[in-house]
Amino acid sequence: MLEKPVTMQDIAKRSGVAAITVSRALRGEASVTAETRGLIEKAADELGYIYNHTARAFSKRGSKLIALVIPTISNSVFESTIDGLSEIFSAAGYAITIGSSGFSRTEEERIVKSLLGYGPEAIILVGFTHTPATVELLKRSKIPVVEMWNYGFDAIDMAVGFSNFQAAKSMTSYLIRKGYRKIGYAGGTQTDNDRTQQREAGYREAVMSAGLEVMENWVSSPPIELSSGAEIARRFASADDRPEALFIASDIIAAGFMLECARLALKIPNDVAIAGFDDAALAKAVEPPLTTVRVPQREIGLVTAQMIVDRLAGKTITDPVRDLGFEIIIRGTS
């Protein structure tokens, strides 16, 4: 792995042209032929070069820009985290630029490469699932990096979150202690998503540790949408092998399930107990209110931002990996 950022001189050596030609090509000047430009761009890609669009403007004062890459802008739980980030960064004079990866680590790599070209002073990611190229780019960048919303993995630099595995295991264990023996599970899409992967793993660990069988026919990973919950409810209504309880590891999916159950005249928790995950605003809005895992959505943002501000101020971060914990919230659905 390279120990220092790739320079225009490195590209010049690889492509067999002068460094000034590399500079002109990367700035898009018409004086460089298409053939030469192609050689230079190929060499730049092979070396993992990041063109800094703002180097001249910010060389003396710093960009004051923080880059954030999140899986989606449509999930309200990330709104609380962004609110926490904004509170600290705004007070310290930093601005946030946001990219959405659509739960794709390949898209995340593209966004990270693009954002690094604008000279951010730090970058924040959600989770620990990245392409090897993303990890290498970030390590080479030498700027602070924080991975949020999970815990228990090797961090690129710093990390702030909670154990999705332990949170799911604790909620499933609670349902077992309540006397439920046939417990199903539904969580968000697991592609490039270590948080949902860990939640299902925690559910399975709790069930098997209690000597129970995992209801494989009732384990699913649908998209985090209200319609996903409604679909599960319709299947439940017509099923013979119904679970006694469902741990739905997203309050959004759980709310969709409950709304459809009301339409189908199914009673919660009499016909089926429900537990969610996140303690989103929906969890208190549905009837009955939803038993769920409360996670420190806003605190994750506050702590992440403060760590970055402190690091950029030259302070030593003595605890670079933070576990902020979780809480089981018991309400009327269980």
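For what it's worth, the UniProt record's numbering labels the leading residue of the sequence shown as 1, then goes sequentially.
Even glycine gets a Cβ: it sits at the ideal position worked out from N, Cα and C.
Just so we're clear, the structure is a prediction, and the values are computed from it rather than from any experiment.
Check, Outcome
"For GLY99, tell me which candidate among THR106, LEU68 and LEU246 has the shortest Cα-Cα distance.", "LEU68"
"Just to confirm before moving on: does the CB-CB distance between ILE50 and SER173 stay below 9 Å?", "no"
"What number of angstroms, rounded off, separates the C-alpha of MET307 from the C-alpha of ILE317?", "7 Å"
"Would you be able to state if there are at least three C-beta pairs under 8 Å between the stretch 83–100 and the stretch 286–305?", "yes"
"Please look up how many angstroms separate the CB atoms of VAL219 and GLY184, rounded, as I've assumed it's under 8 Å.", "7 Å"
"Since PHE247 is in the beta strand (DSSP E), which residue starts that stretch and which ends it?", "245–248"
"Going by DSSP in three states, THR72 sits in which element: helix, strand or coil?", "coil"
"Can you look up LEU212 in the DSSP assignment and give me helix, strand or coil?", "coil"
"Cα separation between PHE277 and ASP319?", "27 Å"
"Using only the alpha-carbon positions, how far apart do ALA34 and ARG110 sit?", "24 Å"
"Just checking, does the stretch 70–84 make contact with the stretch 161–168 on the three C-beta pairs under 8 Å criterion?", "no"
"Taking Cβ positions, are TYR203 and ALA245 nearer each other than 9 Å?", "no"
"Less than 8 Å between the CB atoms is what I'm expecting for VAL145 and ASP154, so what's the real figure, rounded?", "In fact, because the Cβ distance is near 12 Å, the residues do not count as touching under 8 Å."
"At the level of alpha carbons, what is the spacing between LEU259 and ILE224?", "15 Å"
"Where does ARG181 fall in DSSP's three states?", "coil"
"Does DSSP put GLU79 in a helix, a strand or coil?", "helix"
"Can you list, in chain order, the residues of its chain whose CB lies under 6 Å from that of VAL126, leaving out five sequence neighbours each side?", "ILE70, PRO71, MET148 and TRP149"
"Whole angstroms are fine: how far does the CA of GLU213 sit from the CA of VAL293?", "23 Å"
"In terms of DSSP beta bridges, what is GLY99 paired with?", "VAL69"
"Note down the Cα distance separating PHE274 from ASN164, rounded to an integer number of angstroms.", "Residue 274 is actually Ile in this sequence, not Phe. Rounded to the nearest angstrom, the two C-alpha atoms are 18 Å apart."
"Put GLY256 into one of helix, strand or coil per three-state DSSP.", "helix"
"Would you tell me roughly how many angstroms separate the C-alpha atoms of residue 338 and ARG105, rounded to the nearest one?", "Any property of residue 338 remains undetermined from this structure, which presents the chain solely from 1 to 334."
"Reducing DSSP to helix, strand and coil, say where ASP279 ends up.", "coil"
"Specify, as a first and last residue, the run of the beta strand (DSSP E) that ALA19 falls within.", "Unbroken run through ALA19 is the alpha helix (DSSP H), 19–26; no beta strand (DSSP E)."
"Per DSSP, what are the beta-bridge partners of ILE274 in this structure?", "LEU246"
"So what does DSSP say about VAL6, is it helix, strand or coil?", "coil"
"Considering only C-alpha positions, which residue in the set ARG195, LYS113, THR333 and ALA159 is nearest to LEU324?", "ALA159"
"Determine whether the beta carbon atoms of LYS178 and MET215 lie at a separation below 9 Å.", "no"
"Excluding the 5 residues preceding and the 5 following ALA206 in the sequence, name in chain order all residues of the same chain whose CB lies nearer than 7 Å to its CB.", "LYS169, THR172, SER173 and ILE176"
"Check whether the Cβ atoms of ASP279 and ILE248 sit closer than 9 Å, and answer yes or no.", "no"
"Going by alpha carbons, who is nearest to PRO288 out of SER227, LEU137, VAL309 and CYS261?", "CYS261"
"Between the alpha carbons of GLY38 and SER101, how many angstroms are there, rounded?", "28 Å"
"Terminal residues of the continuous alpha helix (DSSP H) containing THR129?", "Element bounds for THR129: n/a, residue is neither H nor E."
"Identify whether THR292 lies in helix, strand or coil by the three-state DSSP scheme.", "strand"
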